[in-house]
Every structure is written in structure tokens, then in C-alpha cells.
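Only one structure is covered here, and it is reproduced in the block below.
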Amino acid sequence: MHLKKVNANLKHSKALLEDSQVDLEDIKGLLDAALKSNKAALNANKIALEANKAALEGCDTTILEAAGGSTVATKTEKNDSANEEVALVPGKKRKAEAEAGECMTCKGQSCVLCKSKGHTMEHCLLSSETGSIYGCVLCNKTSHDTDKCAKFTSLKMEEKLNLLINERGGLPPLHTQQGWHYLMLTWLHDKESKGKKAPSMYPWTGVHAFKLSRGVDGGRNYYLQSRFDRSGHDRSILPKDESLKDAVAVWRYYWRPASIPFPQRLVEMGFSRPHDDIQ
1 MHLKKVNANL KHSKALLEDS QVDLEDIKGL LDAALKSNKA ALNANKIALE ANKAALEGCD
61 TTILEAAGGS TVATKTEKND SANEEVALVP GKKRKAEAEA GECMTCKGQS CVLCKSKGHT
121 MEHCLLSSET GSIYGCVLCN KTSHDTDKCA KFTSLKMEEK LNLLINERGG LPPLHTQQGW
181 HYLMLTWLHD KESKGKKAPS MYPWTGVHAF KLSRGVDGGR NYYLQSRFDR SGHDRSILPK
241 DESLKDAVAV WRYYWRPASI PFPQRLVEMG FSRPHDDIQ
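Heads up: the sequence shown begins at 1 in our numbering, then just goes up one per residue.
Here it is in C-alpha cells:
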């Protein structure tokens, strides 16, 4: 009887041992899977860091947080864009810069928004949470917005349009009391627009501008800004805002939601009246 009890205990102990081995195998499998996952994540981070390092290497721009944050980096970059063709863009100043192959506005100056030495406020992509650039691009100061500047108020309507639309084409919009699209609508209903052409490029929407101003980690997109600075501020390298690709898109995005009919002047300029026009 005693021997049977011993055998029973041995069988029970063997069963427990086998169960323990199964549990250990399960744990080992889970640990192996977690280790592989961590290795993959580390490799991905390493690739991303190497890409950022290569992109920013040599950048002649010191970048600080706009709100007085910590210094990020000072690097030096080989500029290989000197031999690249710069696309002609609307606006006399932008055409002159394209022909010269460099940004005359930002040469030797720095940005009062992000403290970068590679551009002025005019070419800063690090917009506010509204997607707009607050401050005056005419003075490169943050003490007042562009439309509150005496230099701006003395301009003619078409000169204001050139500054707020043509010169901002493919860039974040300037913060003004009334959006640039209100000024454009006023111009289209004015005799000054008769026989003229509509702008070919428009400022980004606030949504597009804010999205591009932030990196994958939610911080500021210094990589895009650095690349833009190194190109001599060639806007053709920046992601386009397809929601404002032409004057019809401007009407659909800004004016139609406000129940404003499609302007007759745009029809005279060669645009087809949209099928969803407000009658």
C-alpha cells in the first residue's frame, strides 16, 4: 500500500513537472516574440535617425524653439541645389529670386519666429496652430500683423493681392484680420480685375499648413524647413495643397460654404462655371 502511494506521488510530481515545462515554453515563446518586436522597432528608429542625420548634415541653420525652448542643432550642409533649375513663380520679387538662384529676401537675415538663420519670417513654415504666420513679413517683426503695418495700408489693392496671394503661393497664409480670400473676392467684383488673370498659386489652407509644420513625432518639422532653406526657397519642392489648386477650388473651399455665387469675373477669365454653383 505504501509503495502504491509513493508511485502515485511520483506520477503526480511528474505531471506537475511536465506542466511547468509547458508553462516555461510558453513564457520563452512570449519573450522571444517581444525581443524580436523590440529589435525591429530599434532598427526602424535607427534608420529614421540616419535619414534625419543625412538630411540635416551640414545645414547652416541654427534652430530654436519659437516659444523660447531649447536649442536643437547647428549643422553645415553641402548645397547641391545650386545647379538645379528654379521654377519661375508669380510675383516680381519671386521671379527675380528665381533668376538669381538665391533668396534675396532672407540673405543675411534671421527669422524672428523660430530664430533660424536660414530664412526670415516670410519663408518660415513653422506656422501657428491655426496654420497662419503671425507677424509682419514687411518688417520681419512680431509686434504687429502684416495688414496692420503702415507699409501695407499704403499699398494699392493689386499690390496687397500680390503680397497676400502671389507672394504666399505654396506657403502658409499670413494672419490678417480678414483672410486673403476676402480681398480676392473684393478684387473680382472691382473694375480693376477686368481683363486681368486670376492668380495661378494660392496660400495653403490653415489645415495643410499646420499639418506640414509638425513632424511625425508631433514636434516642429525642422526637416522640411531645412530642406526648403537649402533649396533657396524653391516652392516647387514643398507638398502642394490640392484643396486650393485653382480659382474654382478657392470658391469651393471658401466662398461656396458662405453661399457666395461663383464670380462672373472668373468666367470672364476663362474658368467654367461649376455645376454646383449657387443661383
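Even glycine gets a Cβ: it sits at the ideal position worked out from N, Cα and C.
Treat the numbers as computed from the prediction; the structure is a model and nothing was measured.
Euclidean distance between Cα positions of residue i and residue j
{"i": "proline 173", "j": "histidine 119", "result": "16 Å"}
{"i": "glycine 206", "j": "serine 132", "result": "6 Å"}
{"i": "methionine 121", "j": "aspartate 229", "result": "12 Å"}
{"i": "phenylalanine 152", "j": "threonine 146", "result": "7 Å"}
{"i": "serine 226", "j": "leucine 138", "result": "22 Å"}
{"i": "glutamate 192", "j": "leucine 185", "result": "12 Å"}
{"i": "glutamine 109", "j": "alanine 258", "result": "41 Å"}
{"i": "glycine 195", "j": "lysine 115", "result": "43 Å"}
{"i": "aspartate 277", "j": "isoleucine 237", "result": "34 Å"}
{"i": "arginine 265", "j": "glutamate 158", "result": "15 Å"}
{"i": "lysine 245", "j": "alanine 150", "result": "31 Å"}
{"i": "proline 285", "j": "histidine 144", "result": "Beyond the ends of the chain as shown, which are 1 and 279, falls residue 285; an answer cannot be given."}
{"i": "phenylalanine 262", "j": "glutamine 279", "result": "9 Å"}
{"i": "proline 274", "j": "glycine 215", "result": "36 Å"}
{"i": "phenylalanine 271", "j": "serine 243", "result": "17 Å"}
{"i": "lysine 211", "j": "tryptophan 204", "result": "11 Å"}
{"i": "glutamate 167", "j": "proline 199", "result": "10 Å"}
{"i": "cysteine 136", "j": "isoleucine 165", "result": "15 Å"}
{"i": "glycine 170", "j": "tyrosine 202", "result": "6 Å"}
{"i": "cysteine 111", "j": "asparagine 140", "result": "7 Å"}
{"i": "valine 267", "j": "tyrosine 223", "result": "41 Å"}
{"i": "glycine 179", "j": "tyrosine 254", "result": "10 Å"}
{"i": "threonine 130", "j": "arginine 252", "result": "20 Å"}
{"i": "glycine 218", "j": "aspartate 190", "result": "43 Å"}
{"i": "serine 213", "j": "cysteine 124", "result": "9 Å"}
{"i": "lysine 197", "j": "valine 248", "result": "13 Å"}
{"i": "lysine 117", "j": "cysteine 106", "result": "9 Å"}
{"i": "arginine 256", "j": "asparagine 162", "result": "23 Å"}
{"i": "isoleucine 260", "j": "methionine 269", "result": "18 Å"}
{"i": "serine 231", "j": "serine 128", "result": "23 Å"}
{"i": "glutamine 177", "j": "tyrosine 134", "result": "11 Å"}
Whole-Å CB distance - residue i paired with residue j, under 8 Å assumed
{"i": "valine 250", "j": "histidine 181", "result": "6 Å"}
{"i": "threonine 142", "j": "leucine 188", "result": "Not a contact, Cβ separation roughly 32 Å."}
{"i": "leucine 296", "j": "arginine 220", "result": "Absent from the structure is residue 296, since the part of the chain shown begins at 1 and ends at 279."}
{"i": "threonine 183", "j": "lysine 160", "result": "According to the sequence as given, residue 183 is leucine; it is not threonine. About 6 Å; that satisfies the 8 Å criterion."}
{"i": "histidine 208", "j": "aspartate 241", "result": "4 Å"}
First through last residue of the alpha helix (DSSP H) which encompasses residue i
{"i": "valine 250", "result": "247 to 250"}
{"i": "arginine 230", "result": "222 to 230"}
{"i": "leucine 163", "result": "157 to 164"}
{"i": "threonine 146", "result": "Note, threonine 146: premise wrong, no alpha helix (DSSP H); not H, not E."}
Coarse secondary structure for residue i, derived from DSSP in three states
{"i": "isoleucine 260", "result": "coil"}
{"i": "glycine 270", "result": "coil"}
{"i": "isoleucine 237", "result": "helix"}
{"i": "leucine 49", "result": "Bear in mind that the predicted position of leucine 49 carries a pLDDT of just 47, short of 50, making it unreliable; the figure below should be weighed with that in mind. Leucine 49: helix per DSSP, three-state reduction."}
Check: residue i C-beta below 8 Å from any heavy atom of the ligand FMN
{"i": "aspartate 217", "result": "Inclusion of the ligand FMN in the displayed structure is not the case, the ligand content being empty and no account of it being possible."}
Any C-beta of chain B under 9 Å from that of residue i
{"i": "leucine 113", "result": "The question asks about chain B, but that chain is absent: this structure has only one protein chain."}
Contained alpha helix (DSSP H) runs [length at least 4] in the segment 166 to 213, N- to C-terminal order: 180 to 188, 206 to 213
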